[in-house]
Every structure is written in structure tokens, then in C-alpha cells.
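With the working numbering applied, the sequence shown corresponds to residues 1 to 249, in that order. Just below is one structure, and these are the notes that go with it.
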Amino acid sequence: MIDELTDTPSNKNREAVGQGIANIITGFLGGMAGCGMIGQSVINIKSGGRTRLSTLCAGVLLIVFILVLGNWVKQIPMASLVGVMFMVSIGTFNWTSLQTLHLVPRSETAVMVTTVFVTVLSRNLGLGVLVGIVLSTVFFSRQIAKVVFVDSLLSADQNYRTYSIAGQLFFLSVDQFLAAFDFSENLQRVKIDLTHAHIWDQAAVTAIDKVVLKFRRHGTEVDLVGVNAASATLLDKLAVHNKSVAVDS
């Protein structure tokens with residue numbers, strides 16, 4: 001968000017490490033761990049701060065407030081601090097997002113609304129973010145599962161067919177993968193080209209085993225080609241179609 005406001009790049013890992021170290025140190029100084037990115041940094045940017053000097057000044061002043069002015073800071077009424085946080089929330093909230101709420105994909109809207117709901121209900125921002133990440137992962141996996149393409153080409157003599165697979169093969173996409181093969185076709189040989197595909201988990205390996213073994217039970221020879229190094233490693237560990245007892249079992 002700050003990168004967008006200043007149109008400059010930043011190292012996100014370095015920022016996270018710095019914030020983590022600061023939260024550890026502030027605990028030894030009587031402070032409370034937190035994240036000033038939303039409130040302090042945005043206000044800093046909107047006030048004209050653009051260089052590291054503005055961040056350094058903010059950090060130094062916070063240390064002074066804790067170590068030197070701690071007794072006076074404690075006298076500030078909590079109600080006034082709540083008022084400050086209300087103004088920070090109003091100033092940093094992206095109000096235009098409400099206008100475009102009906103335009104964004106429903107999955108994104110569901111993640112955002114659920115994150116806010118869980119955070120408010122549990123009063124735990126970490127829990128809300130965790131639920132949002134889990135939902136995002138689930139929705140993303142379902143979308144990726146749909147992006148699996150299987151093209152087939154039959155030879156001129158109708159004895160040889162090539163299946164070209166493109167996409168990510170994992171537990172959510174195996175059904176679509178299996179449905180693309182015609183096991184009743186009378187063929188002498190089948191080539192499964194995985195050049196543009198990647199195998200992610202045991203479910204995908206099991207699906208490939210099913211395809212190969214079903215063809216072999218019908219007397220069709222099967223060739224797996226184009227398997228990348230990572231997928232080949234997974235196949236070597238988990239696949240059973242190359243074992244001598246696989247067809248019988």
C-alpha cells in the first residue's frame with residue numbers, strides 16, 4: 001500500500017524482519033507489540049514524509065514517549081486514544097471499495113467480508129487474517145483446478161493417440177483429468193505428453209496410475225513423456241504403474 005502511495009519499490013521481507021525485531025525489543029521496554037504500517041505510515045506519507053528520515057524520526061519519538069515521557073503518556077485518557085484510532089480508520093479506509101463491491105468476484109468479496117466479520121467477532125486481527133488466508137487458498141485452488149486442458153490427436157492409421165496435458169494436476173483437478181481419456185477406444189499405443197503440466201500431490205500421481213493401468217488392461221501400451229524434474233521425482237516415489245504387480249493388482 002505504501003509502495004503504491006509513493007510509487008517506489010520496497011523489500012517486504014526486510015520490512016517484516018524489522019517489524020518483528022522491533023516488536024521483540026518493545027516488549028522489554030514496556031511497550032505493546034503491534035503494526036504501525038496502516039496508521040502511522042499512511043499518516044506519515046500523507047503528511048509529506050518520503051525518506052527514511054521521516055521513519056527514523058517517528059521511531060525515535062516513540063522511544064522517547066516510552067522511556068522518557070512514559071508517566072505522562074499513561075495519563076492520556078483511553079477515550080481520546082479511541083477517538084484518534086477512529087480518525088485513523090476513517091482516513092485510511094478505502095471508501096471507493098464499497099462502490100465497487102458488486103463488481104469484484106464473489107470469492108474476493110466473501111474473503112473480505114468474512115475476514116472483517118471474524119476480526120470484529122473475535123476481536124483478534126490475527127485470527128481474522130488467518131481465516132481470510134485459508135478462504136483465499138481454497139478459492140484459488142478451485143479456480144486453478146478448472147485450468148486443466150487435455151487435447152488428443154489420433155494417428156492416420158487410428159492405432160496411436162497422443163494426449164497433451166496442460167495445467168496443474170492436484171487433488172481438485174484429477175476428476176477433469178480422468179474424464180478426458182477414452183479407455184474403450186481400440187488402440188495399440190497411447191502417448192501422454194506432460195510437457196506443459198505439473199504434478200503436485202499424491203492424488204495426481206494416483207490419477208496417472210489409473211490412466212496408465214486402465215489402458216494397459218485393454219492391451220494398450222502407454223508412454224509418459226515430457227515430465228519435468230519435480231514431477232518425475234514425485235512419480236518415482238509414489239507411482240505404482242511401473243511396478244511388476246501393478247497390472248495384476
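Don't be surprised by glycine CBs; every beta carbon is placed ideally from N, CA and C.
Chain-order list of residues whose beta-carbon lies under 6 Å from that of residue i (same chain, five-residue window excluded)
i           : result
residue 42  : 92
residue 139 : 107
residue 180 : 150
residue 85  : none
Cβ-based burial, residue i [other Cβ within 10 Å; buried from 16]
i           : result
residue 60  : exposed
residue 133 : exposed
residue 231 : buried
residue 195 : exposed
residue 215 : buried
Closest residue to residue i among the options (Cα-Cα distance)
i           : options            : result
residue 178 : 15, 154, 209       : 209
residue 144 : 174, 120, 152, 118 : 174
residue 172 : 185, 186, 203      : 203
residue 136 : 97, 98, 110        : 110
residue 243 : 46, 114, 3, 212    : 212
Proximal residues to residue i (C-beta, below 7 Å), its chain only, five neighbours per side dropped
i           : result
residue 197 : 165, 166, 167, 169
residue 66  : 29, 30, 31
residue 33  : 23, 26, 27
residue 218 : 183
residue 201 : 170, 171
residue 101 : 109
First through last residue of the beta strand (DSSP E) which encompasses residue i
i           : result
residue 164 : 160-169
residue 272 : Residue 272 lies beyond the stretch modelled for the chain, which goes from 1 to 249, so this question has no answer here.
residue 191 : 189-199
residue 183 : Element bounds for residue 183: n/a, residue is neither H nor E.
residue 148 : 148-154
Residue i - containing alpha helix (DSSP H), residue span
i           : result
residue 210 : 202-217
residue 123 : Careful: residue 123 lies outside any alpha helix (DSSP H) and carries neither H nor E.
residue 97  : 96-99
residue 1   : Unbroken run through residue 1: none, as it is neither H nor E.
residue 13  : 12-28
residue 52  : 52-67
residue 174 : 174-179
residue 86  : 78-92
residue 157 : Looking at the DSSP string, residue 157 is not in any alpha helix (DSSP H), and its letter there is neither H nor E.
The ligand HEM heavy atom lying under 7 Å from the CB of residue i
i           : result
residue 148 : With respect to the ligand HEM, the structure shown offers nothing to examine, as it has no ligands at all.
### Query
Is it a yes or a no for the region 148-166 touching the region 180-192, going by three-plus beta-carbon pairs under 8 Å?
Result yes; three or more Cβ-Cβ pairs closer than 8 Å.
### Message
Assess contact between the region 143-158 and the region 123-130, defined as three or more Cβ pairs (one per stretch) separated by less than 8 Å. Is contact present?
### Response
The region 143-158 and the region 123-130 do not touch, with fewer than 3 CB-CB distances between them shorter than 8 Å.
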